[in-house]
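Working notes, structure below.
4 protein chains.
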Amino acid sequence: MASRTPAAPGPSDRGRLLITCPDRPGLVAAVSRFLAERGGNILRSDQHSNHPYGRDFFCRMEFTLPGLDRKWASLTEEFRDLAAPFAMDFRLHRADRTKKVAIFVSRQDHCLLELLWRWRSGELPCEIVHVISNHEDLRPLVEEWGVPFHHVPVDPLDRDRCETEERMLLGSDTDLIVLARYMQILSPSFVRDWPHRIINIHHGFLPAFAGGRAYEQAYERGVKFVGATAHYVTDVLDGGPIIEQDIVRVDHRHGPDDLRRKGKYVEREVLARAVAWHLEDRILVFQGKTVVFS
Amino acid sequence: MASRTPAAPGPSDRGRLLITCPDRPGLVAAVSRFLAERGGNILRSDQHSNHPYGRDFFCRMEFTLPGLDRKWASLTEEFRDLAAPFAMDFRLHRADRTKKVAIFVSRQDHCLLELLWRWRSGELPCEIVHVISNHEDLRPLVEEWGVPFHHVPVDPLDRDRCETEERMLLGSDTDLIVLARYMQILSPSFVRDWPHRIINIHHGFLPAFAGGRAYEQAYERGVKFVGATAHYVTDVLDGGPIIEQDIVRVDHRHGPDDLRRKGKYVEREVLARAVAWHLEDRILVFQGKTVVFS
Amino acid sequence: MASRTPAAPGPSDRGRLLITCPDRPGLVAAVSRFLAERGGNILRSDQHSNHPYGRDFFCRMEFTLPGLDRKWASLTEEFRDLAAPFAMDFRLHRADRTKKVAIFVSRQDHCLLELLWRWRSGELPCEIVHVISNHEDLRPLVEEWGVPFHHVPVDPLDRDRCETEERMLLGSDTDLIVLARYMQILSPSFVRDWPHRIINIHHGFLPAFAGGRAYEQAYERGVKFVGATAHYVTDVLDGGPIIEQDIVRVDHRHGPDDLRRKGKYVEREVLARAVAWHLEDRILVFQGKTVVFS
Amino acid sequence: MASRTPAAPGPSDRGRLLITCPDRPGLVAAVSRFLAERGGNILRSDQHSNHPYGRDFFCRMEFTLPGLDRKWASLTEEFRDLAAPFAMDFRLHRADRTKKVAIFVSRQDHCLLELLWRWRSGELPCEIVHVISNHEDLRPLVEEWGVPFHHVPVDPLDRDRCETEERMLLGSDTDLIVLARYMQILSPSFVRDWPHRIINIHHGFLPAFAGGRAYEQAYERGVKFVGATAHYVTDVLDGGPIIEQDIVRVDHRHGPDDLRRKGKYVEREVLARAVAWHLEDRILVFQGKTVVFS
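Going down the list, the sequences are from chains A, B, C and D. Here my numbering is used: position 244 in the first sequence is 244, and no number is missing along the way. To get my numbering, take the position in the second sequence, counting from 1, and add 294. To get my numbering, take the position in the third sequence, counting from 1, and add 588. To get my numbering, take the position in the fourth sequence, counting from 1, and add 882.
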């Protein structure tokens, strides 16, 4: 566990394309011809329209294109020309460009450990650049994995100072922030600077039990399942676009501590799936909800 | 399908005992000695205390006792003597006493049909004495099963008249009322007269999405599962003790109608399980929550 | 339940295209251009290659094309020209062409009832032309739904005579045969005449517990789940391509009858899903396995 | 992670009692009176008979009894007297007696890590005394947890020498051996010396796919779920009493490596549950199957 083993990046000629736009005939033809004319091969593609609930088109393509890394700038430029008349909102990603990830934690280790372990085993294709915590507790654990750990105490009366320090650590090239049971609320301006790039794991089956007392509330209400929800963070507490959820059965013999213990295995699983999908560019956000090409 | 096939009742010497009381040593010994001294044999027994979350004891026993039907009155009397010093809240049930059930429906047939199917195949040990509806739609379906169907229209301005008619149909010996997607709200006085004897199926994973627009709300929020909840009806809308819940995965391609279609298979399953447990005397209500000895 | 309510067919300008062929660049471009040039609009499309486990391409497209019904013959012809150089194995389906389905049953009704109910509620877009049984038991039930019922007794010593009668009933235009707990084995020549067009529901989680005693074997082995498997029938008993499976948890208290009762709700669900996917042209068979575009 | 944190043992006055015997009236009365007379309090109790599939009685009780540790020897002796006339097969356990566990691994770390994590967080009440492996790979990982690691190479031609070494390490007081993806087969005599005290995790949904190529076989058969099975090891390969199983959905796009990756999360979960139940004395073995009081 002593040395850092970044996940192998994707091959340099592989790309991913995500599109949202008004639905109309010829969209797939235009896009696939664009790739075919440049020697591209579509490995996998998912498309659908939300008809009859709307008139929008969603698409994700994984493709290979010889020399993709060299042609990247021009390809992007050319695609922009194709996209404009269709009013396409699009993202082009290179599979070999490893995303930089920062993980925020407090004292609980289960979600953090799961991410570190999947990262080391090659299942999370990213670079984990920092772990930031408002407590010192998890420092030894993190440093054993060769990942820098930063203690940034949170002073509720001076939230600004704390976020200033966090911003300095994150710099301008952190692609994704993962709140792995980070028990603090980020300021609206901080959230705004990483739009749909902060993933939180909530310990409840949203929209039920938002807020910090999810397991206690589940116990009090007497539900028969507890769950967890991974979502993009927005200004609304636990109200951002849901990426993934899952649940586990409980019964009348389980108290709040039992729910917490059973729930944490769901939390780590749900968070790890959501992070993997983000890293693999499988998620679109549209009108406050996610489209997940899983 | 033409003739009525009531489920076979349990054998006449089989009983069930449910107990709630303050926890203290010797409870199980006292109860099991009581049965043993009378020649009883415990077929199955579940007991637990809610320690460390409380100091209460819960128990369900299924037993056989030769001549139970003849000895019923004296047995009950004698058990009352045993129960008093322990401050036991108890229920004694004869397995051969088939409960009388009334089903309330509106226009949707899936929950009703599921109950009728399971009843006919012997999985719901009860007598279905009435189906009551605020619409005529399901009359032919119900009457083919040989079950009396009653159309009791609901006038929102004269709820009283409607419930008076319902009460006359139910009489005094209806043990259980099942709201199988009955889209009306019962009055507090009506609910009070069947305490923990009215089961409703809600088309959402409570406490999320209470009220009538559960699938629309689930769609708008973008959840990744839809669910259903069977609960005892109380004065609080969709707030009664939860008996059973379950869910099914949905994704971004599903609109409200898809959620409704997928959800209805969960609704019927959850409702049928809850009704079976009630009929088999497997449910205790304690402090607004259920203990289900499943 | 007295009158026959065929499911509404799809609109007349909607089609479905399924393709299997060697993977190579330009496939999607060629197909989508073909549709775009004829005014078609792709509603939903799924494509993938099985790289790195093979070099094959799989695709399903749902599209609308104005005047599809009138242009059908020429469109099919033209697509054949496109397909040839790519060595495409393809199927083109009109969504408005309702498939004709025959259901084979023995004495158990749960799978049959599920299919009839989903058919009537519009979820199985097909015409149920016959129910054929080797017993008389289910005749009243079937006829109440307005579906013709045929009793074709099975004489193990003269299987031929029985299948001759079945073939006459089926004629040449039955698209799909569903074995809804039909406890008989079809002859190889019969199976050969409906390739990938006979769906069976097996009451075990294949490949475990093939054959007729699945629940007894599950009980004897002490498994913690029982399951069901829908598959296309081939010459190998319970060895055909698996379409869908599911399971339900059981425990040590459950005997064979309990497994059977719990299992039947899984059977009906799994079978209904498999039949729906077949009717919606969502299934490809490739090398003894299915590709399900669900 | 540097220092060893054994799970807190249970309180010294808590015990567990497991019984198998022929069913007859008065069993529960006799046992509960025995405890009550000694001042014991039953915290939780589960009993059932396997009627109508047999005539056997199964029971697990958790109880507190003041001074249990001091009275242990006499209590056991006295219970033996009670048990004899009922032909009870019984086990009495002290909750404060922490079991000694040895883990056998090869090269894969996921099951091992899961056990170590849960052990450290207090969810596995045991002492992990050794990790034994036929490879050196996992030594650094194990030693970081403060657990002794032993490399015992396996020579297929001299299995005896290897097991002799393993026996020396295990000594006579190892309570449980966990095969956490140990890719070697133990000899019949070794297995015989730890009857129902060796737990293996198999990477398939037994009885399907026994043996070492479970994921490849699952891929070849085209199943729609992969699973894992924890079982007690016996002389029959992957044929011992099943303790726990679980599954995860896969589809046609998943190759053997994907099944392996998805399956390993099920493996670790299933194994951890089985080990916890064993440590908490929740498992009886009866006629080749388990009774799990979960």
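Beta carbons are placed, not taken as given, at the ideal position from N, Cα and C, and that holds for glycine.
- The bridge partners DSSP lists for S927 (chain D) are B:Q341 and D:M943.
- Remark: three or more beta-carbon pairs, one from each stretch, lie closer than 8 Å, so the segment 963-983 of chain D and the segment 1004-1020 of chain D are flagged as touching.
- Annotation: the segment 522-575 of chain B contains the following complete segments of the beta strand (DSSP E) (minimum length 3 residues), in chain order: 536-543.
- Closest in C-alpha terms to F797 (chain C), from the list C:I787, C:R658, C:L774 and C:L825, comes C:L825.
- In the structure shown, D307 (chain B) adopts coil according to DSSP, grouped into three states.
- The alpha-carbon of I471 (chain B) is positioned some 12 Å away from that of L463 (chain B).
- Shown here, H739 (chain C) sits in a strand according to DSSP, grouped into three states.
- One alpha carbon belongs to L1166 (chain D), the other to H345 (chain B), and they sit about 25 Å apart.
- Less than 9 Å separates the beta-carbon of V105 (chain A) from that of Y182 (chain A).
- Annotated three-state conformation of R1002 (chain D) is helix, per DSSP.
- Contact note: D340 (chain B) reaches chain D through D928, using a C-beta cutoff of 7 Å and chain order.
- With a minimum length of 3 residues, the unbroken runs of beta strand (DSSP E) contained wholly in the segment 439-516 of chain B fall at 443-445, 470-473 and 492-496.
- Neighbours of W411 (chain B) in chain C, taken as residues at a C-beta separation under 7 Å, are given in chain order as L701.
- Counting the other Cβ atoms within 10 Å of the Cβ of E437 (chain B) gives fewer than 16, which makes it exposed.
- Using a CB distance cut-off of 9 Å, N200 (chain A) does not count as an interface residue toward chain B.
- Y526 (chain B) and I536 (chain B) have their alpha carbons spaced roughly 7 Å apart.
- With a beta-carbon spacing of about 5 Å, R401 (chain B) and D431 (chain B) fall inside the 8 Å limit used to define contacts.
- In terms of beta-carbon proximity, L623 (chain C) lines the interface with chain A, with at least one pair separated by less than 9 Å.
- For chain D, the residues of the segment 43-76 of chain A that bring a beta carbon within less than 9 Å of one of its beta carbons are R44, in chain order.
- By the rule that beta-carbons nearer than 9 Å mark a contact, V1105 (chain D) touches chain C.
- Residues of chain A with a Cβ closer than 7 Å to the Cβ of Y1097 (chain D) do not exist, since the nearest Cβ in that chain sits about 16 Å away.
- Taking the beta carbon of R1021 (chain D) as reference, no residue of chain A falls within 7 Å; the closest one sits roughly 11 Å away.
- The closest CA to that of V485 (chain B), considering only B:G516, B:C315, B:P360 and B:G534, is found on B:G534.
- For S694 (chain C), the secondary structure class from DSSP, reduced to helix, strand or coil, is coil.
- Scanning the segment 362-400 of chain B from its first residue to its last, the whole alpha helix (DSSP H) runs of 4-plus residues come out as 362-380.
- Secondary structure at L138 (chain A): coil, using DSSP grouped into helix, strand and coil.
- Taking a Cβ-Cβ threshold of 7 Å, the residues of chain D close to T878 (chain C) are G1104 and H1134, in chain order.
- With its beta carbon less than 9 Å from one in chain A, H992 (chain D) belongs to the interface.
- Sequence-distant partners of P776 (chain C) (beyond 5 residues in either direction) whose C-beta falls short of 8 Å from its own C-beta, in its chain, are D823.
- Classified as exposed, P599 (chain C) has fewer than 16 neighbouring CB atoms from the shown chains inside 10 Å of its CB.
- In this structure, the CA atom of A965 (chain D) is about 22 Å from the CA atom of P1077 (chain D).
- Contact annotation for I313 (chain B) against chain A: no contact, minimum CB-CB distance about 14 Å [criterion: below 8 Å].
- Annotation for S32 (chain A): the continuous alpha helix (DSSP H) segment containing it runs L27 to E37.
- A straight line joining the alpha-carbon of A977 (chain D) with that of P795 (chain C) spans about 41 Å.
- Around the beta carbon of D540 (chain B), a 10 Å sphere encloses 16 or more other beta carbons of the protein chains shown; the residue is thus reported as buried.
- Contact between V226 (chain A) and E244 (chain A) is absent: CB atoms are separated by about 15 Å, not below the 8 Å threshold.
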